[in-house]
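To keep things clear, I will list the structure first and then write my remarks on it.
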Amino acid sequence: MKPWQGRFKLNTSSLVEEFTASIGFDRRLHGYDIKGSIAHAKMLAKISIITEKEAAKIEEGLAEIFREIEADKFIFDPADEDIHMAIERALIDKIGPLGGKLHTARSRNDQVALDTRMYLKDEIKATMSLIIELQKVLMGLAEENIKVILPGLTHLQHAQPILFAHHLMAYFFMLERDFDRLKDCYYRTDSMPLGSGALAGTVFPIDRFFVAEELGFSKVSENSMDSVSDRDFIAEFLSAASLIMLHLSRLSEELVIWSSLEFDFIEIGDDFTTGSSIMPQKKNPDVAEIVRGKCGRVFGDLMAILTTLKSLPLAYNRDLQEDKEALFDGVDTVQTCLKVYAAMLGSVKVKADKMKTSAEKGFLTATDMADYLAEKGIAFRDAHKVVGELVAYAIEKSVDLKDLELKELKSFSPLFDKDVMSLILVETSVERRKSFGGTASSAVAKEIDIAKKMLKEEEIWLT
Ligand code: ARG
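Residue numbers for the sequence shown follow this note's numbering, beginning at 11 and rising by one.
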């Protein structure tokens with residue numbers, strides 16, 4: 011018999027029962043549902059709707075149900091529509107009609123909003139700690155390879171030489187913004203909806219602030235209709251998760267390229283790569299590829315929640331039940347990817363020589379030569395043209411800029427002098443880019459310093 015059976019003459023069709031049930035996936039909220047119910051029962055006792063003794067009995071029953079679910083001993087009834095009804099039904103089975111008093115001044119609409127917010131608050135924090143772990147691995151790899159130079163690319167073409175550490179730290183700061191977005195999302199998730207009732211509040215003299223305090227919420231939602239129908243916090247989380255995945259997909263792409271024979275800049279550990287069933291020589295960067303692929307899943311989760319919410323009239327509509335699978339999938343996917351990524355990056359062997367050899371090809375220091383002429387007083391545009399012609403000449407001769415003689419350089423511009431020869435070296439090119447945020451080792455040391463302070467602040471926020 012369903013708790014809402016009263017006004018129905020027929021039993022629910024089993025087809026509808028199956029179709030409308032969310033118990034298959036929302037059982038993951040059981041711990042939050044039980045915590046929320048215990049706080050609600052305490053509040054009911056505080057305002058004398060039930061006695062302290064009754065509240066204690068309800069709490070005991072709920073604690074027992076919690077232990078049973080955790081130990082996989084709880085028997086779900088096929089008629090249990092969702093986790094909220096399953097727990098309430100089990101409570102009444104256990105402690106009798108008193109169990110039925112728990113639902114006073116509450117509806118499943120505000121209950122599910124509460125459970126989902128409690129769940130997500132924990133998962134946001136768990137995601138944030140995983141971001142920190144990955145940031146630490148990136149920083150460790152940067153510090154270990156602080157002198158390594160590789161070609162920096164634009165349009166995937168050789169552009170200017172850069173420090174590998176600088177390249178890695180770019181991802182550190184992307185993740186920093188991801189951390190910040192989650193912090194922001196946490197702030198809005200941290201609003202307590204229970205006590206909104208079905209949509210209009212309740213006639214009972216409830217104390218919502220007491221419940222918020224019991225459950226560690228810093229705010230109480232201000233509008234009962236908004237509280238039961240708002241799922242912005244899920245869309246926000248999935249949007250932040252999408253950007254994390256997007257950032258990981260960009261790094262994945264680079265790892266895949268770097269580990270190709272053509273680049274050969276890195277080798278991912280045997281324990282984090284896989285082989286081919288037919289080609290014996292193969293060692294594939296599958297982890298990076300799968301992470302890149304899982305991006306589509308999380309973007310899909312975001313699209314799903316946005317589409318579900320679009321045009322929904324106030325207040326609660328059953329469509330909202332569709333929020334959970336997308337959210338759970340997004341949480342699981344982003345967390346697994348962050349975890350496996352930190353481990354995989356730890357297995358990467360950096361081939362500094364290969365990177366350096368590649369950086370010496372492709373006229374990476376041409377800009378430095380143009381800057382040199384501009385520093386001597388000619389317009390940068392003219393300097394650009396002179397060096398462009400010089401590059402064309404070198405290509406024709408099949409040599410690098412550093413192989414050219416000073417007198418050859420002088421035939422392009424009399425302003426070239428001996429001192430230009432050191433500027434052609436990739437090391438000099440890197441070290442002269444001392445501007446704040448630039449790739450010189452002094453500038454990179456500064457950014458790592460800043461990053462360390464950020465990490466400390468992140469850790470403080472999480473504790
Ligand atoms: N399982 C439902 C959900 O996830 C709980 C709320 C149901 N409320 C209702 N009025 N049928 O949204």
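Glycine included, every Cβ here is placed at the ideal spot set by N, Cα and C.
Cα-Cα separation, residue i to residue j
i      : j      : result
Lys477 : Gly226 : In the structure as shown, the chain begins at 11 and stops at 473. Residue 477 is therefore absent and cannot be evaluated.
Asp194 : Asp188 : 10 Å
Ala169 : Glu437 : 15 Å
Thr343 : Arg442 : 42 Å
Thr317 : Val308 : 14 Å
Tyr42  : Leu173 : 47 Å
Leu400 : Asn294 : 41 Å
Ala380 : Phe390 : 7 Å
Ile102 : Met11  : 12 Å
Leu258 : Ala55  : 49 Å
Ala453 : Tyr382 : 21 Å
Leu209 : Asp280 : 56 Å
Ile142 : Pro88  : 42 Å
Lys292 : Val358 : 17 Å
Trp471 : Val430 : 50 Å
Met354 : Met313 : 29 Å
Asn21  : Glu27  : 10 Å
Gly110 : His50  : 13 Å
Ile85  : Asn327 : 29 Å
Cutoff 8 Å: residue i Cβ touching any chain D Cβ
i      : result
Ile244 : Absence of chain D from the displayed structure is noted, only one protein chain being present.
Beta carbon of residue i nearer than 8 Å to that of residue j
i      : j      : result
Val397 : Ala384 : no
Ile388 : Leu425 : yes
Thr283 : Asp274 : no
Ile68  : Leu108 : yes
Gln145 : Phe182 : yes
Val440 : Pro171 : yes
Leu178 : Leu140 : no
Phe220 : Ile59  : no
Ala404 : Val158 : no
Pro13  : Glu78  : no
Phe373 : Leu411 : yes
Leu130 : Phe18  : no
Thr449 : His176 : yes
Gly46  : Ser117 : no
Asp311 : Leu322 : no
Met255 : Cys347 : yes
Thr137 : Gln345 : yes
Glu133 : Val341 : yes
Residue i beta carbon near the ligand ARG (any heavy atom closer than 7 Å)
i      : result
Leu330 : yes
His94  : yes
Arg38  : no
Ser326 : What sits at residue 326 in the sequence shown is Tyr, not Ser. Result yes, Cβ under 7 Å from the ligand ARG.
Ser439 : no
Val122 : yes
Lys45  : no
Ser32  : yes
Lys474 : Residue 474 lies beyond the residue range present for the chain, which begins at 11 and ends at 473; the question has no answer from this structure.
Segment limits, beta strand (DSSP E) that includes residue i
i      : result
His168 : Gln167 to Leu173
Thr164 : Ile159 to Thr164
Span of the alpha helix (DSSP H) around residue i
i      : result
Ile141 : Arg118 to Glu154
Leu271 : Neither: Leu271 is in no alpha helix (DSSP H) and is coded neither H nor E.
Glu70  : Glu62 to Glu80
Ser321 : Unbroken run through Ser321: none, as it is neither H nor E.
Gly398 : Phe390 to Lys407
Arg99  : Ile93 to Ile105
Phe220 : Arg218 to Glu224
Asp339 : Asp333 to Gly356
Ala542 : Nothing can be reported for residue 542: it is not among the residues displayed for the chain, which extend from 11 to 473.
Val436 : Val436 to Glu441
Glu469 : Ser451 to Leu472
Asp87  : Looking at the DSSP string, Asp87 is not in any alpha helix (DSSP H), and its letter there is neither H nor E.
Met235 : Ser234 to Ser239
Gly41  : His40 to Lys56
Leu25  : Ser24 to Thr30
Met431 : Val430 to Leu433
Gly547 : Residue numbering for the chain in the displayed model covers 11 to 473; residue 547 lies beyond these limits and cannot be assessed.
Closer than 7 Å: residue i CB and nearest the ligand NAP heavy atom
i      : result
Asn119 : Among the ligands present in this structure, namely the ligand ARG, the ligand NAP is not found.
| query | Three or more C-beta pairs closer than 8 Å, one from the stretch 32-39 and one from the stretch 324-342: is that the case here? | reply | yes
| said: Check whether the stretch 51-65 and the stretch 349-367 touch, using three or more Cβ-Cβ pairs below 8 Å as the test. | reply: no
| said: Any contact between the stretch 231-241 and the stretch 71-80? By contact I mean 3 or more CB pairs, one from each, below 8 Å. | reply: no
| the stretch 298-305 contacting the stretch 261-272, beta-carbon criterion three pairs below 8 Å | yes
| said: Count Cβ pairs between the stretch 214-230 and the stretch 310-328 that sit closer than 8 Å; are there 3 or more? | reply: no
| Between the stretch 245-258 and the stretch 194-205, do three or more beta carbon pairs fall short of 8 Å? | yes
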